[in-house]
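Engineer: Residue numbers (the UniProt record's numbering): 1 to 585.
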Ligand SMILES: Nc1nc2c(c(=O)[nH]1)N[C@H]1C(S)=C(S)[C@@H](COP(=O)(O)O)O[C@H]1N2
Ligand SMILES: [Mo]
């Protein structure tokens, strides 16, 4: 059966590189467009919104300067100067070394998280609030509309697949920029997420075990008038006193509080809500916590972070750069020029990291995959222990369901299809006591199971559909796997997209195949599987992302290890596009 995949991994970990002309099926690089958002029925470029914001800023400055000439405003500012001990006790410990190092690590981690996050967004360059992602219902996009003449499900060869929808980014904006390089981007995103979370957890602990939390947590409502006062002072370009060594002004403390205690945890929570395993366990595939809402909030957190970083960096330089850089690097309230030297060295280091991230990823993709797996594999393994149980109601079924992958273009598949699958037979073999060939009618005669579940594609879209078919556990009862069988390989009739690289396939843990919801589906929403969605048979393992749900299944094999199947990484996308084989998130 493995002969279906007659290609050996040509090269070792460090020899392989991404060939831009062949990657993801050699799709041409289609650059992302400037993002736009839908306001009512109109699409407005964010460039307009930025221009509008700048105009607004100028108006605010004019108003603020005018305001400061009024006596009552001057009294207000005198009463609430911005910084006062009424809402936070001053910090006695300045900027200790742990805080300075954590700040530095945070810059490194955020840099990678943001760039790879943008790359992930570019793989499905639209944001929605509905769980079905119907083309046209998005509120944000950085691509043209889905071509209306290419959404016909009865015309699969011309169907606009979600892979068609992916766009590329400038190489120094995303990591690694290429169209459909989400597999690689996710390793960076998740690995640095984990480091960022650990950094954040340590930060929380140290914050509250010292007096540093006074910097970030206001303890009185007087923070609000003080924040308002600082807004007026900044906006009138007559800045408030910078007492940052000991305490932050009202606006600062609020901005930092929101960033550290609201935005950061929200990023984590909305990241998890995009995971199929979490949705399959808790039933968040529809409703206000659905993946698309989570993706939208995740994106708003990104915007908050970008605005915060821009304002924060600007303020470092506008409110006494040398003093601020002394706080940040040496931890002293001095004007030492050494702070500039240290800052320069750190900035150089960060610039080099920034510049090499994409070239290194393209040169050593397999190493990126292995390292990522090493860092986050255990967390994914933990999530894979979840038992999927969420099912939805008929009215949750989403009217549109994106499709991915190309219909098999073989004579064999077309001939079987022409006979209404009368000549189809599913070969199930490998490490089993009883290998079988099941005809289509034999499969239909097995106990039928129906479930309404969500589908989460790695690219970011989702959909809810009703699937009907045979439980994999019933198949397991028929073939009786040997105790040595640990993985179940599903082979497709169809090839993967890369030229001359053979069949699409993927591997699943045998325990997952015993879940009541693991299904060999032959119906979708009450009809025989449409061609685009995997006729005659496709897999449902609700714990995992979409690419593991092999469509157009030709054969199933039970194996002890997937090391000698295909290129040995667990599936077609794992082999060719550097995905991970564990994909509960
Ligand atoms: N044989 C085969 N199966 C495949 C694919 C493919 O390209 N070839 N694409 C996968 C991906 S990436 C996704 S998201 C789902 C899409 O399933 P759908 O088209 O039914 O929505 O199918 C998966 N199964
Ligand atoms: Mo996918």
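Beta carbons are placed, not taken as given, at the ideal position from N, Cα and C, and that holds for glycine.
Predicted model, so just to flag it, every value in this text is computed and none were measured.
#1: Take the Cβ of residue 568 as the centre, count every other Cβ of all protein chains shown within 10 Å, and call the residue buried at 16 or more, exposed below.
#2: Taking a cut-off of 6 Å, which residues have a beta-carbon closer than that to any heavy atom of ligand 2, in chain order?
#3: If you pair each beta-carbon of the stretch 196-205 with each one of the stretch 72-86, do three or more pairs fall below 8 Å?
#4: Can you give me the C-alpha to C-alpha distance between residue 175 and residue 514, rounded to a whole angstrom?
#5: From this set, 452, 375 and 442, which residue's C-alpha is nearest residue 396's C-alpha?
#6: Helix, strand or coil: how does DSSP classify residue 514 here?
#7: Tell me whether residue 508, by its Cβ, gets closer than 7 Å to a heavy atom of ligand 1.
#8: Would the beta-carbon of residue 192 fall within 8 Å of that of residue 113?
#9: Residue 504 by DSSP, collapsed to three states: which one?
#10: On the CB-based measure, 16 or more other CB atoms within 10 Å of its CB, does residue 11 come out buried or exposed?
#11: Looking at the unbroken alpha helix (DSSP H) that takes in residue 111, where does it start and where does it end?
#12: Mapping the DSSP letters down to three states, classify residue 394 as helix, strand or coil.
#13: Quick one: residues in its chain with C-beta nearer than 7 Å to the C-beta of residue 98, no 5 flanking neighbours on either side, listed in chain order?
#14: Rounded to whole angstroms, what's the CA-CA distance from residue 295 to residue 85? Just pull it up for me.
#15: Should residue 485 and residue 430 be called a contact, given that it needs their Cβ atoms to be closer than 8 Å?
#16: What are the boundary residues of the beta strand (DSSP E) that includes residue 556?
#17: Cβ-heavy atom distance between residue 279 and ligand 1 below 7 Å?
#18: So, using beta-carbon positions, are residue 91 and residue 214 closer together than 8 Å?
#19: In the DSSP assignment, the alpha helix (DSSP H) including residue 207 goes from what residue to what residue?
#20: Under the DSSP definition of a beta bridge, which residues are partnered with residue 470?
#21: My assumption, with CB atoms under 8 Å, is that residue 459 sits in contact with residue 162. Please give the rounded CB distance.
#22: Can the beta-carbon of residue 111 be found closer than 8 Å to that of residue 491?
#23: Measure from the alpha carbon of residue 415 to the alpha carbon of each residue in 437, 521, 493 and 391, then state which is nearest.
#24: By the three-class DSSP mapping on this structure, what secondary structure does residue 296 have?
#25: Could you have a look at residue 236 and say whether DSSP puts it in helix, strand or coil?
#26: Look at the alpha carbon of residue 96 and the alpha carbon of residue 354, and state the distance between them as a whole number of angstroms.
#27: Could you tell me if residue 534 is buried or exposed, where buried requires 16 or more neighbouring beta carbons within 10 angstroms of its beta carbon?
#28: With a threshold of 8 Å on Cβ separation, who are the neighbours of residue 412 within its own chain once the five nearest residues in sequence on each side are excluded?
#29: Assess, as a yes-or-no matter, whether the stretch 50-61 is touched by the stretch 231-244 under the definition of 3 or more beta carbon pairs within less than 8 Å.
#30: Can you give, in chain order, each stretch of the alpha helix (DSSP H) that sits fully within the stretch 241-284 and has at least 4 residues?
#31: Helix, strand or coil: which one does DSSP assign to residue 349?
#32: Do residue 404 and residue 502 have their CB atoms nearer than 8 Å?
#33: Among the candidates 473, 498 and 178, whose CA atom is the shortest distance from the CA of residue 521?
#34: Excluding the 5 residues preceding and the 5 following residue 581 in the sequence, name in chain order all residues of the same chain whose CB lies nearer than 7 Å to its CB.
#35: Just list the alpha helix (DSSP H) runs in the stretch 354-427, keeping only unbroken ones of 4 residues or longer that don't cross its boundaries, in chain order.
Structural biologist: So, from the listed chains and residues:
#1: exposed
#2: 404, 457, 458, 459, 546 and 547
#3: no
#4: 37 Å
#5: 452
#6: coil
#7: no
#8: yes
#9: strand
#10: exposed
#11: 97-123
#12: helix
#13: 206
#14: 39 Å
#15: yes
#16: 553-559
#17: no
#18: yes
#19: 182-209
#20: 520
#21: 5 Å
#22: no
#23: 493
#24: helix
#25: coil
#26: 27 Å
#27: buried
#28: 493
#29: yes
#30: 250-257, 264-272 and 276-282
#31: helix
#32: no
#33: 473
#34: 507, 569, 570, 571 and 574
#35: 365-383 and 411-418
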